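Below: one structure, written as structure tokens.
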């Protein structure tokens with residue numbers, strides 16, 4: 001997943017864009033007809049969208065795309081009562097993070113806070129609820145101040 005520019009292949013590029021970009025567009029397209037007023041779409045971005053990390057060129061590009069799609073889709077769907085937002089965590093102790101090399105984990109741990117899953121899910125739960133009704137087309141920082149929105 002994390003490859004330098006000279007290691008990138010068409011397959012790895014396509015896989016990242018399919019999972020991180022194509023999926024949110026077409027999944028959203030599939031569910032919007034069934035969502036009523038008060039519907040929520042919450043996308044997952046990353047601090048990588050706004051921060052340069054070694055070997056994350058393509059991954060960072062996909063997450064920047066997620067934030068752009070979130071802004072536009074939020075505007076497109078607001079008249080239907082659907083709110084679209086994203087969260088942009090930094091590293092989170094997930095299976096994906098724990099599957100990284102020990103050197104990569106140490107790099108992240110030494111350069112920024114590493115969240116627990118609950119640190120992010122609490123914000124997602126808020127965005128999914130009624131108290132977020134006036135938050136739309138934005139990315140909420142869930143990265144302990146690593147990237148200021």
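In my numbering, the protein residues as written are 1 to 149. Cβ coordinates follow ideal geometry from the N, Cα and C atoms, glycine included. Nothing here was measured: the structure is a model prediction, and the numbers come from that model.
Local conformation of residue i per DSSP, three classes
i	result
residue 137	coil
residue 78	helix
residue 114	coil
residue 98	helix
residue 33	helix
residue 5	helix
residue 130	helix
residue 23	helix
residue 124	helix
residue 43	strand
residue 50	coil
Assigned exposure category for residue i - 16 Cβ within 10 Å defines buried
i	result
residue 110	exposed
residue 16	buried
residue 27	exposed
residue 23	exposed
residue 141	buried
residue 50	buried
residue 131	exposed
Reference residue i; option with closest CA among the options
i	options	result
residue 134	82, 72, 93	82
residue 115	20, 93, 37	93
residue 18	5, 51, 63, 31	63
residue 118	102, 106, 143	143
The ligand GDP heavy atom lying under 7 Å from the CB of residue i
i	result
residue 132	Absence of the ligand GDP is noted for the structure shown, with no ligands found whatsoever.
Cβ-Cβ separation, residue j to residue i (assumed contact under 8 Å), whole Å
i	j	result
residue 84	residue 74	4 Å
residue 120	residue 69	With 8 Å as the limit, residue 120 and residue 69 do not qualify as a contact, their Cβ atoms being about 19 Å apart.
residue 137	residue 71	5 Å
residue 124	residue 77	Between residue 77 and residue 124 the Cβ distance is about 18 Å, and since that is not below 8 Å, they are no contact.
residue 2	residue 139	Not really, about 21 Å apart at Cβ, beyond 8 Å.
Point to revise | Inter-stretch contact at 8 Å, needing at least 3 Cβ pairs: the segment 8–24 / the segment 50–61 | key: yes
Point to revise | Stretch-stretch touch, CB-based, cutoff 8 Å, three pairs: the segment 79–96 with the segment 36–45 | key: yes
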